[in-house]
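One point on numbering: in numbering that gives the first Met the number 0, the residue at position 56 of the sequence shown is 55, and numbering is uninterrupted. Even for Gly, the Cβ is constructed at its ideal location relative to N, Cα and C. Note that the structure is predicted; figures quoted are calculated from it, not measured.
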Amino acid sequence: MRQFDVFVWGSPDITETKPSFTDPALGWFFTDNFNERLNESDAEWIVFANRSVKINREFLNSLAENISAFPMVDAFAPRLRYASIEDGDKKSAKFVGGFRLHKSKGIEPIKEDAPLRYVACPRPEIAVFSRRIVQRTGAFDASLPIPAQILDYALRMYHAGGMCFSVPYLVAGLQGIPMDFSSENREWLPHIAYALSKSLGIKTARFVATHPSVIVSLWKNRKSLQEKRDKAILLSKLAPETLQELY
Numbered sequence: 000m001r002q003f004d005v006f007v008w009g010s011p012d013i014t015e016t017k018p019s020f021t022d023p024a025l026g027w028f029f030t031d032n033f034n035e036r037l038n039e040s041d042a043e044w045i046v047f048a049n050r051s052v053k054i055n056r057e058f059l060n061s062l063a064e065n066i067s068a069f070p071m072v073d074a075f076a077p078r079l080r081y082a083s084i085e086d087g088d089k090k091s092a093k094f095v096g097g098f099r100l101h102k103s104k105g106i107e108p109i110k111e112d113a114p115l116r117y118v119a120c121p122r123p124e125i126a127v128f129s130r131r132i133v134q135r136t137g138a139f140d141a142s143l144p145i146p147a148q149i150l151d152y153a154l155r156m157y158h159a160g161g162m163c164f165s166v167p168y169l170v171a172g173l174q175g176i177p178m179d180f181s182s183e184n185r186e187w188l189p190h191i192a193y194a195l196s197k198s199l200g201i202k203t204a205r206f207v208a209t210h211p212s213v214i215v216s217l218w219k220n221r222k223s224l225q226e227k228r229d230k231a232i233l234l235s236k237l238a239p240e241t242l243q244e245l246y
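Structure, rendered in structure tokens:
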């Protein structure tokens with residue numbers, strides 16, 4: 000069994016993309032359809048990364064160290080390091096991490112200098128899940144775009160008994176700038192609302208009230224949403240105190 004498999008997504012010619020390096024303990028999958036390739040993966044841990052993220056030996060070595068240091072963790076939300084232009088042409092390093100839950104915004108990025116903590120979900124550009132929690136959580140919701148699939152999967156993972164951890168020193172490099180994945184972005188708002196409603200149900204009431212435009216979409220898809228919600232929370236292991244930690 001390999002230690003890591005890396006699923007790379009987000010390229011127009013994704014099937015022709017080449018790995019940045021090779022290693023017998025590492026598998027590469029270039030696809031925008033996670034479910035189609037998951038059966039081919041047999042690694043202990045799976046990294047889901049957008050093609051803009053630099054997956055190199057340094058990152059994977061750091062990931063391996065953190066897996067060893069935190070054996071109770073089923074998923075990691077790495078931070079992303081990117082170059083931000085400030086004061087003209089001067090560039091400085093900036094960091095973004097995973098998301099916490101927010102009652103009116105739905106989700107909100109944790110602070111740049113946030114300490115070790117559990118998060119609701121990783122950045123859409125990079126997420127790390129253990130094989131054991133993938134087997135418990137099941138397939139990704141392919142009806143959603145990939146960034147929203149990551150959010151939905153992480154939330155469902157909590158119902159399956161998993162925990163997603165943010166470690167400040169687990170960092171991957173990003174080419175370009177982070178995605179504007181938030182409820183303030185109209186492109187993502189309905190998908191975020193769908194994922195949150197599926198896993199959190201009535202606890203999203205304030206969020207929906209703050210963003211009434213999503214009501215029509217949620218009502219239109221209420222039947223499939225309820226069916227998926229029933230499956231997601233069946234025998235849920237998400238305790239109220241654990242949920243509170245994610246805010």
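Using three-state DSSP, classify Ser10 as helix, strand or coil.
-> Three-state DSSP puts Ser10 in coil, outside helix and strand.
Considering Trp218, what are the terminal residues of the alpha helix (DSSP H) in which it resides?
-> Start and end: 213-219.
Val52 beta carbon less than 7 Å from that of Pro177 | No, the Cβ-Cβ distance between Pro177 and Val52 is not below 7 Å.
Three-state secondary structure (DSSP) of Lys102 | Reduced to three states, the DSSP call for Lys102 is coil.
Do the CB positions of Cys163 and Ala171 come within less than 7 Å of each other?
-> Not closer than 7 Å, so no.
Could you tell me which uninterrupted alpha helix (DSSP H) segments, each at least 4 residues in length, are contained entirely in the segment 122-190, listed from first to last along the chain?
-> Whole alpha helix (DSSP H) segments, 4+ residues: 130-136, 145-158.
Beta strand (DSSP E) runs contained entirely in the segment 13-71, provided each spans 3 or more residues | The qualifying runs are 25-29, 44-49.
Run the CB neighbour count on Gly175, radius 10 Å, all protein chains shown included, and call it buried at 16 or more, exposed below.
-> Under a 10 Å Cβ-count criterion, Gly175 is classified as exposed, with fewer than 16 other Cβ atoms of the shown protein chains found around its own Cβ.
Please list, in chain order, all residues of the same chain as Ser103 whose beta carbon is under 7 Å from its beta carbon, the five residues on each side excluded.
-> Hits under 7 Å: Arg205, Phe206, Thr209.
For the alpha helix (DSSP H) containing Thr203, list its first residue and its last residue.
-> Here Thr203 belongs to no alpha helix (DSSP H), and DSSP marks it neither H nor E.
Could you give the C-beta distance for Ser165 and Val215, rounded to a whole number, given that I count them as a contact under 8 Å?
-> Contact doesn't hold; Cβ gap of about 34 Å is too wide.
Tell me, please, which residues DSSP counts as bridged to Pro77.
-> Partner(s): none; Pro77 has no beta bridge.
Are the segment 111-128 and the segment 138-153 in contact at 8 Å, needing three or more beta carbon pairs?
-> In short, these stretches touch, since the Cβ pair count reaches three.
Should Leu234 go down as buried or exposed, given a rule of 16 or more other Cβ atoms within 10 Å for buried?
-> Under this definition Leu234 is an exposed residue.
With Pro167 and Ile125 assumed to form a contact (beta carbons below 8 Å), what rounded beta-carbon distance in angstroms separates them?
-> 15 Å between Cβ atoms; not a contact.
Which listed residue (Ser182, Phe29, Leu224) has its alpha carbon closest to that of Trp8 | Checking every option, the nearest Cα to that of Trp8 belongs to Phe29.
Contacting residues, own chain, Cβ-Cβ under 6 Å from Thr203 (five flanking each side not counted) | The residues are Leu195, Ser196.
Neighbour-count burial assignment, Pro211, 16 or more Cβ in a 10 Å radius | In this structure Pro211 is exposed. Its beta-carbon is surrounded by fewer than 16 other beta-carbon atoms within 10 angstroms.
Is Leu143 near His101, with beta carbons less than 7 Å apart?
-> Taking C-beta atoms as the reference points, Leu143 and His101 fail to come closer than 7 Å.
With 16 as the cutoff for other CB atoms within 10 Å, does Pro23 come out buried or exposed?
-> Exposure of Pro23 is indicated by the presence of fewer than 16 other C-beta atoms within 10 angstroms of its C-beta.
Met71 classed as buried or exposed, judged by whether at least 16 other C-beta atoms fall within 10 angstroms = Counting Cβ neighbours within 10 Å, Met71 comes out exposed, since fewer than 16 surround it.
In whole angstroms, what is the alpha-carbon distance linking Tyr81 and Ile54?
-> Counting only the Cα atoms, Ile54 lies some 14 Å from Tyr81.
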